[in-house]
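Inspection log for the structure reproduced underneath, given as structure tokens.
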Amino acid sequence: MTAMPETTWYDHVDPRALLEAYPVGEAFVQRYTKMSRDELRARQERDFLKLVARGWEVPFYRRLWSAKGIEPGDIRSLDDLPKLPSFDKSDLMASIAAHPPLGDFHGRSGGPVVLHTTSGTTGKPQVLLFGPWGREVGNLLVARMARWQGLRADDVVHSVYGHGMINGGHYIREAYTRFTEALFLSAGTGVETRSANQVQLMADFRATVLVGFVDYVRKLAEVAREAGLEPGRDIPVRMIIGHLGTEDRAATEAAWGGAKAYDWYGVGDTGSIAGEGPDRDGLYVWEDAQFVEICDVETGAPVPRGEKGDMVVTCLYKHDVAPVIRFNTHDVSAFRTDRNATGMVFDRIEGFLGRSDNMVKLKGINVFPHAIGAIIENRPELTGEYVCRVVRDSQGVDRMTVVIEHRGAGEAGDEGRRALGQLLRQGLGVEVEVELVPPGATAPLTQIEVRQKPLRLIDERKR
Numbered sequence: 004m005t006a007m008p009e010t011t012w013y014d015h016v017d018p019r020a021l022l023e024a025y026p027v028g029e030a031f032v033q034r035y036t037k038m039s040r041d042e043l044r045a046r047q048e049r050d051f052l053k054l055v056a057r058g059w060e061v062p063f064y065r066r067l068w069s070a071k072g073i074e075p076g077d078i079r080s081l082d083d084l085p086k087l088p089s090f091d092k093s094d095l096m097a098s099i100a101a102h103p104p105l106g107d108f109h110g111r112s113g114g115p116v117v118l119h120t121t122s123g124t125t126g127k128p129q130v131l132l133f134g135p136w137g138r139e140v141g142n143l144l145v146a147r148m149a150r151w152q153g154l155r156a157d158d159v160v161h162s163v164y165g166h167g168m169i170n171g172g173h174y175i176r177e178a179y180t181r182f183t184e185a186l187f188l189s190a191g192t193g194v195e196t197r198s199a200n201q202v203q204l205m206a207d208f209r210a211t212v213l214v215g216f217v218d219y220v221r222k223l224a225e226v227a228r229e230a231g232l233e234p235g236r237d238i239p240v241r242m243i244i245g246h247l248g249t250e251d252r253a254a255t256e257a258a259w260g261g262a263k264a265y266d267w268y269g270v271g272d273t274g275s276i277a278g279e280g281p282d283r284d285g286l287y288v289w290e291d292a293q294f295v296e297i298c299d300v301e302t303g304a305p306v307p308r309g310e311k312g313d314m315v316v317t318c319l320y321k322h323d324v325a326p327v328i329r330f331n332t333h334d335v336s337a338f339r340t341d342r343n344a345t346g347m348v349f350d351r352i353e354g355f356l357g358r359s360d361n362m363v364k365l366k367g368i369n370v371f372p373h374a375i376g377a378i379i380e381n382r383p384e385l386t387g388e389y390v391c392r393v394v395r396d397s398q399g400v401d402r403m404t405v406v407i408e409h410r411g412a413g414e415a416g417d418e419g420r421r422a423l424g425q426l427l428r429q430g431l432g433v434e435v436e437v438e439l440v441p442p443g444a445t446a447p448l449t450q451i452e453v454r455q456k457p458l459r460l461i462d463e464r465k466r
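If you use the working numbering, the sequence shown corresponds to residues 4 to 466, in order.
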């Protein structure tokens, strides 16, 4: 029997060193509004070289890089980063299949480790592993962002991120309880705490901040009103911190009585990558911790600044367990090219604009199902809920039907379908079919009550 080593989680993380490397609160603002781009680049270079050295110790990266003819010493700076091949979830799942159950991408050699999984939005859930340093930096980035956005010590934070094996709810709870003084309510999804109970919990504890995926956040506002609770009055939410995409801000804020909504972006493998600041004008990339490339969806080559492409992410801080070096998220965004109003040294991105692996090509036009939300938002006859179904007909032509929740679906008829069809054609640049259904009818398809991220595409070509 192997003896348990006499170490704990906190033997591997020095809180003083953590906060010196990644300051929070006013210290964060002061450091990164006074720092130059050259100073930031020097820090990134230092951390990147440490990360690459760690990568050569991990079998996954040795195999991936050696297959491209790369040898130790070939990568000498961030300028060489594009020489390294990117990888995505399929590569990690192949690693797990070949080396079950954890794969060979983690480089674990002892010490504490956290095991979670992804939500499985685009397939089978993937193993996520975290060492103490990587985990705590990831937690800190979330809390640092919230504090910069305006989170206060007297706030009551209601979280609808899921728990179980899924990473989201756990690391959000760790972020708020370890790096803020706010009171935290870990309600979870509608399966973990029924929606009716959630809104009552928020009313009882006077929740002021709501965090989670905004599809469910908006649904909770409807549930509250059905229960006779008025958002903004009976539930005094003043801030919403979620994943807004391009369509959700106005509708989400209106649903919650004018609460200010803040967007942020991250994935399970990398943690928080970028988030809005107090100006709410683009998402600031946490460049002291993350290095983001925007790459062509088809070729993988970097695109000119300002153009859309896949976000390829390198975690400069995650050098203990499961380092992340050129992970292709397949989430589409673009760098902003204008100046920010905060004086922050960090670059900004547009935010989440869709998934390239959910992109559907119709008559030569690339269609992102996620973009449909922006086209149909703020229409009083619609709930904002929808799902896309794609089929391939007998002639091999792909066709998309957008199933949209309509408050008067029975009365809208052909005229209502044609009007929305024309609206979508103008917004998407290609014709799609429209099906109108009553409120709540898309829920079995999107699984909004049970999933971290509701499904917006049902691809029936693959069946």
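Beta carbons: idealized from backbone N, C-alpha and C, even for Gly.
Give the C-beta separation of residue i and residue j to the nearest angstrom, bearing in mind that I take them to be a contact with Cβ-Cβ under 8 Å.
{"i": "Asp-107", "j": "Ser-98", "result": "5 Å"}
{"i": "Ala-185", "j": "Ala-156", "result": "6 Å"}
{"i": "Val-295", "j": "Met-314", "result": "6 Å"}
{"i": "Pro-2", "j": "Thr-386", "result": "Look at the range of the chain in this structure, 4 to 466, and you will see that residue 2 is not part of it."}
{"i": "Thr-332", "j": "Val-316", "result": "6 Å"}
{"i": "Tyr-35", "j": "Met-347", "result": "6 Å"}
{"i": "Gly-215", "j": "Gly-245", "result": "6 Å"}
{"i": "Phe-31", "j": "Arg-329", "result": "Not a contact, Cβ separation roughly 27 Å."}
{"i": "Ile-297", "j": "Ser-359", "result": "That belief does not hold up - the Cβ atoms of Ile-297 and Ser-359 are roughly 12 Å apart, past 8 Å."}
{"i": "Lys-366", "j": "Val-300", "result": "Not quite, the Cβ-Cβ distance comes to about 18 Å (not below 8 Å), so this is no contact."}
Which residues does DSSP pair with residue i in a beta bridge?
{"i": "Glu-436", "result": "Thr-404"}
{"i": "Glu-279", "result": "Leu-286"}
{"i": "Ile-297", "result": "Met-314"}
{"i": "Trp-259", "result": "Note: Trp-259 sits in no beta bridge, so no partner."}
{"i": "Ile-471", "result": "There is no way to answer for residue 471, as the model of the chain reaches only from 4 to 466."}
{"i": "Ala-264", "result": "Ile-243"}
{"i": "Asp-462", "result": "Val-393"}
{"i": "Pro-305", "result": "Cys-298"}
{"i": "Val-453", "result": "In DSSP, Val-453 forms no bridge with anything."}
{"i": "Thr-120", "result": "Val-130, Ile-169"}
{"i": "Val-270", "result": "Gly-274"}
{"i": "Phe-15", "result": "A small correction: the amino acid at residue 15 is His; Phe does not occupy that position in the sequence shown. DSSP output for His-15 lists no bridge partner at all."}
{"i": "His-409", "result": "Leu-385"}
Measure from the alpha carbon of residue i to the alpha carbon of each residue in the options, then state which is nearest.
{"i": "Leu-427", "options": "Ile-375, Asp-396, Val-390", "result": "Ile-375"}
{"i": "Gly-399", "options": "Arg-40, Glu-463, His-409", "result": "Glu-463"}
{"i": "Tyr-25", "options": "Gly-432, Arg-46, His-15, Gly-193", "result": "Arg-46"}
{"i": "Gly-260", "options": "Ile-276, Arg-236, Arg-34", "result": "Arg-236"}
{"i": "Leu-136", "options": "Met-205, Gly-274, Ala-149", "result": "Residue identity differs from the one stated: residue 136 is Trp in this sequence, not Leu. Here the closest residue by C-alpha is Gly-274."}
{"i": "Arg-111", "options": "Ala-101, Pro-104, Leu-132", "result": "Leu-132"}
{"i": "Thr-340", "options": "Asp-291, Ile-352, Gly-165", "result": "Ile-352"}
{"i": "Arg-57", "options": "Cys-318, His-166, Phe-371, Leu-213", "result": "Cys-318"}
{"i": "Ser-147", "options": "Ala-178, Trp-59, Ile-169, Gly-134", "result": "Strictly speaking, residue 147 in this sequence is Arg, with Ser absent from that position. Checked all of Ala-178, Trp-59, Ile-169, Gly-134; the closest Cα to Arg-147 is Ala-178."}
{"i": "Ala-325", "options": "Asp-50, Gly-367, Phe-63", "result": "Phe-63"}
{"i": "Pro-281", "options": "Asp-266, Asp-272, Val-270", "result": "Asp-266"}
{"i": "Pro-372", "options": "Ile-461, Glu-438, Trp-289, Asp-77", "result": "Ile-461"}
{"i": "Gly-354", "options": "Leu-286, Asp-396, Asp-401", "result": "Leu-286"}
{"i": "Asn-361", "options": "His-15, Asp-14, Trp-12, Arg-459", "result": "Arg-459"}
{"i": "Pro-239", "options": "Gly-113, Leu-54, Leu-213", "result": "Leu-213"}
{"i": "Thr-404", "options": "Arg-283, Val-437, Ala-20, Glu-380", "result": "Val-437"}
{"i": "Arg-454", "options": "Trp-289, Asn-170, Val-159, Ala-262", "result": "Asn-170"}
{"i": "Val-288", "options": "Gly-269, Asp-350, Gly-309", "result": "Asp-350"}
{"i": "Val-435", "options": "Val-363, Gly-191, Arg-44, Gly-278", "result": "Val-363"}
{"i": "Glu-384", "options": "Asp-401, Cys-391, Gly-413", "result": "Gly-413"}
{"i": "Glu-279", "options": "Gly-271, Ala-292, Lys-263", "result": "Lys-263"}
{"i": "Glu-290", "options": "Gly-28, Glu-9, Asp-41, Tyr-13", "result": "Asp-41"}
{"i": "Thr-183", "options": "Trp-151, Gly-416, Asp-334, Thr-10", "result": "Trp-151"}
{"i": "Ser-114", "options": "Thr-121, Thr-120, Gly-134, Ala-100", "result": "Just to set this straight, residue 114 is Gly in the shown sequence, not Ser. Answer by Cα proximity: Gly-134."}
{"i": "Gly-309", "options": "Arg-342, Asp-323, Gln-293, Arg-283", "result": "Arg-342"}
{"i": "Val-440", "options": "Ala-415, Val-370, Ala-277", "result": "Ala-415"}
{"i": "Leu-81", "options": "Val-163, Glu-48, Val-202, Thr-449", "result": "Glu-48"}
Between which two residues does the beta strand (DSSP E) harbouring residue i extend?
{"i": "Val-390", "result": "385-395"}
{"i": "Gly-231", "result": "Per DSSP, Gly-231 belongs to no beta strand (DSSP E) and is neither H nor E."}
{"i": "Leu-365", "result": "363-365"}
{"i": "Ile-368", "result": "368-370"}
{"i": "Gly-215", "result": "212-216"}
{"i": "Val-327", "result": "Note, Val-327: premise wrong, no beta strand (DSSP E); not H, not E."}
In the DSSP assignment, find the alpha helix (DSSP H) that holds residue i and state where it starts and stops.
{"i": "Phe-31", "result": "28-37"}
{"i": "Ser-189", "result": "Not the alpha helix (DSSP H): Ser-189 falls in the beta strand (DSSP E), residues 186-189."}
{"i": "Leu-423", "result": "412-431"}
{"i": "Leu-21", "result": "18-24"}
{"i": "Leu-319", "result": "Per DSSP, Leu-319 belongs to no alpha helix (DSSP H) and is neither H nor E."}
{"i": "Pro-442", "result": "Here Pro-442 belongs to no alpha helix (DSSP H), and DSSP marks it neither H nor E."}
{"i": "Pro-346", "result": "Reading off the sequence, residue 346 comes out as Gly, not Pro. No alpha helix (DSSP H) holds Gly-346; DSSP gives it neither H nor E."}
{"i": "Gly-134", "result": "First-last for Gly-134: undefined, no H or E at that position."}
{"i": "Ala-377", "result": "375-379"}
**Study point:** Start-end ranges of the alpha helix (DSSP H) lying completely within the segment 54-117, minimum 4 residues
**Key:** 62-69, 92-101
**Study point:** In chain order, each beta strand (DSSP E) run of at least 3 residues that lies wholly inside the segment 144-198
**Key:** 159-162, 186-189
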